[in-house]
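Enquirer:
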Amino acid sequence: MEHIKKKMQAMKLDKENAIDMADQQEAKVREKELEMQTKDEEMAEISKRIQQLETDKDTAQTQFEETNQKLDETEKRATEVSYSIFYKSPLKWS
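FYI, the numbering for the sequence shown is 1 to 94, going by full-length UniProt numbering.
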């Protein structure tokens, strides 16, 4: 009878240890899930920032191209005006 009681106590202790281990593992799982959620949120923020930077880059590129085109047109007009003044001027340079 004493042997059965010891065996039952050992089984009860094993059960308690298994429950404790399961609780610890569940706590680790919850911790990792929280870390994953935090990382997912960080990734979403980074993705949003990347998208905004790409939009800003596209806008800046468009503005740069428009400015270069205007500069080319202005330089062309300036050259034409200079040519007109120099070659078509009624004044003769001595």
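All residues carry an ideal CB built from backbone N, CA and C; glycine is no exception. All values derive from a computational prediction rather than experimental measurement.
Can you give the Cα-Cα distance for residue 47 and residue 79, rounded to whole angstroms?
Expert: Looking up residue 47 in the sequence shown gives position 47. Looking up residue 79 in the sequence shown gives position 79. Each residue's Cα considered, the two are about 47 Å apart.
Enquirer: Out of curiosity, what's the CA-to-CA distance linking residue 15 and residue 25?
Expert: Within the sequence shown, the letter at position 15 stands for residue 15. Within the sequence shown, the letter at position 25 stands for residue 25. Distance between the alpha carbons of residue 15 and residue 25: 15 Å.
Enquirer: In the DSSP assignment, find the alpha helix (DSSP H) that holds residue 21 and state where it starts and stops.
Expert: Here residue 21 is taken as the residue at index 21 of the sequence shown, counted from 1. First-last of the alpha helix (DSSP H) with residue 21: 2-88.
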